[in-house]
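Student: Starting off with a structure, shown below.
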Amino acid sequence: DVQMTQSPSSLSASVGDTVTITCRASGDIYKSLDWYQQTAGKPPKLLLSAATRLTDGVPSRFGGSVSGTEYTLTVTNLQPADSATYYCQQFYRVPYTFGQGTKLEIK
Amino acid sequence: QMQLVQSGPEVKRPGTSVTLSCKGSGSRFNSSAVQWVRQARGQGLEWIGWIVIGSGNTNVAQNLHDRVSISRDESTDTVHMEVRSLKSEDTAVYYCAAAPASDWLLWDRWGQGALVTVSS
Chain A
-19 DVQMTQSPSS
-9 LSASVGDTVT
1 ITCRASGDIY
11 KSLDWYQQTA
21 GKPPKLLLSA
31 ATRLTDGVPS
41 RFGGSVSGTE
51 YTLTVTNLQP
61 ADSATYYCQQ
71 FYRVPYTFGQ
81 GTKLEIK
Chain B
848 QMQLVQSGPE
858 VKRPGTSVTL
868 SCKGSGSRFN
878 SSAVQWVRQA
888 RGQGLEWIGW
898 IVIGSGNTNV
908 AQNLHDRVSI
918 SRDESTDTVH
928 MEVRSLKSED
938 TAVYYCAAAP
948 ASDWLLWDRW
958 GQGALVTVSS
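Chains as they are written, first to last, in the working numbering: chain A, -19 to 87; chain B, 848 to 967.
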């Protein structure tokens, strides 16, 4: 199985800050990765697909990048609505594994 | 815009089975793939399996493949997932999500989730 190691598990930041969340794959997944945002009691919401492609309607404050097997979600100019848990999911090989999640708190 | 509507919450005894459904609306459904994901209370997301609507091909996570079956009914635009021999650790919210056949990475449609509680 492809292991997705996501870090950090939690972080706290202030409005206007920039944060980064990382998922490291156990092997090359060739950008076959999505990022989701989930708030309590709701299904995940797709933020980016194919590692860097912003989903329609998602603010451009959200961005994705890749370096080797390390995938990064960057959120700039943090807003209170960004308080959520963020997950990555790889689609290179079944099982399509998720990262462990990152809980983002806005101070 | 395709929407996914899932069946309602279920309470089941250990050892029994449950079948969840995920109904799609809109023309895109027949040319989609649907994945099932579950989330235990306070925990992360776990991939269960997926089905390609057009071909009916499925794939289920190895740790669940002997207890989970995924099928589709094209006449009703519905995907079903059966979980057999339920255990307490199957208690979770189950989500379905869909991506178009033209873009297997665009998982932008999600059902509302269905809580399955397994308890004696």
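From the three backbone atoms N, C-alpha and C, an ideal C-beta is built for every residue, glycine too.
Remember, it's a predicted structure, so these values are computed and weren't measured experimentally.
Buried or exposed for A:T(-2), please, with buried defined as at least 16 other CB atoms from any protein chain shown within 10 angstroms of its CB.
Tutor: Within the first sequence, the letter at position 18 stands for residue -2 of chain A. Flag for A:T(-2) reads exposed.
Student: In angstroms, rounded to a whole number, what distance separates the CA positions of B:R860 and B:K870?
Tutor: On the second sequence, position 13 is the one that residue 860 of chain B refers to. On the second sequence, position 23 is the one that residue 870 of chain B refers to. Taking the straight line joining both Cα atoms gives about 25 Å.
Student: Can you name the start and end residues of the beta strand (DSSP E) that A:V38 belongs to?
Tutor: Looking up residue 38 of chain A in the first sequence gives position 58. From DSSP, A:V38 is part of no beta strand (DSSP E); its letter is neither H nor E.
Student: Leaving aside the five residues before and after A:T(-4) along the sequence, list all residues of the same chain whose C-beta is less than 8 Å from its C-beta, in chain order.
Tutor: Residue mapping note: residue -4 of chain A aligns to position 16 of the first sequence, counting from 1. Looking at the sequence itself, residue -4 of chain A is Gly, so the reference to Thr does not match. Only N57 and L58 meet the Cβ criterion.
Student: Out of curiosity, what's the CA-to-CA distance linking A:L53 and B:I900?
Tutor: Along the first sequence, read from residue 1 onward, the residue named residue 53 of chain A stands at position 73. Along the second sequence, read from residue 1 onward, the residue named residue 900 of chain B stands at position 53. So the two alpha carbons sit approximately 31 Å from each other.
Student: Using only the alpha-carbon positions, how far apart do A:S6 and B:G862 sit?
Tutor: Position 26 of the first sequence, counting from 1, holds the residue named residue 6 of chain A. Position 15 of the second sequence, counting from 1, holds the residue named residue 862 of chain B. Using only the alpha carbons, I get a separation of about 35 Å.
Student: DSSP beta-bridge partners for B:G871?
Tutor: As a first step, residue 871 of chain B must be located in the second sequence, where it is residue number 24. B:G871 pairs with B:L851.
Student: When you compare the CB of A:T19 with every CB in chain B, is at least one pair closer than 7 Å?
Tutor: Within the first sequence, residue 19 of chain A is the residue found at index 39, counting from 1. So no, A:T19 is outside the interface.
Student: Quick check: what's the CA-CA separation for B:E895 versus A:G48?
Tutor: Position 48 of the second sequence holds residue 895 of chain B. Position 68 of the first sequence holds residue 48 of chain A. Note on residue identity: the sequence assigns Ile, not Glu, to residue 895 of chain B. So the alpha carbons of these two residues sit roughly 27 Å apart.
Student: Can you grab the Cα-Cα spacing for the pair A:R4 / A:G79, in whole Å?
Tutor: If you number the first sequence from 1, residue 4 of chain A lands on position 24. If you number the first sequence from 1, residue 79 of chain A lands on position 99. Cα-Cα distance, rounded: 9 Å.
Student: Round the Cβ separation of B:L851 and B:A945 to the nearest angstrom and send it over; I've been treating them as touching at under 8 Å.
Tutor: Within the second sequence, numbered from 1, the residue matching residue 851 of chain B stands at position 4. Within the second sequence, numbered from 1, the residue matching residue 945 of chain B stands at position 98. About 6 Å separates the two Cβ atoms, so the contact holds.
Student: For the beta strand (DSSP E) that contains A:T52, what are its first and last residues?
Tutor: Numbered from 1 along the first sequence, position 72 holds the residue referred to as residue 52 of chain A. Note, A:T52: beta strand (DSSP E), E50 to V55.
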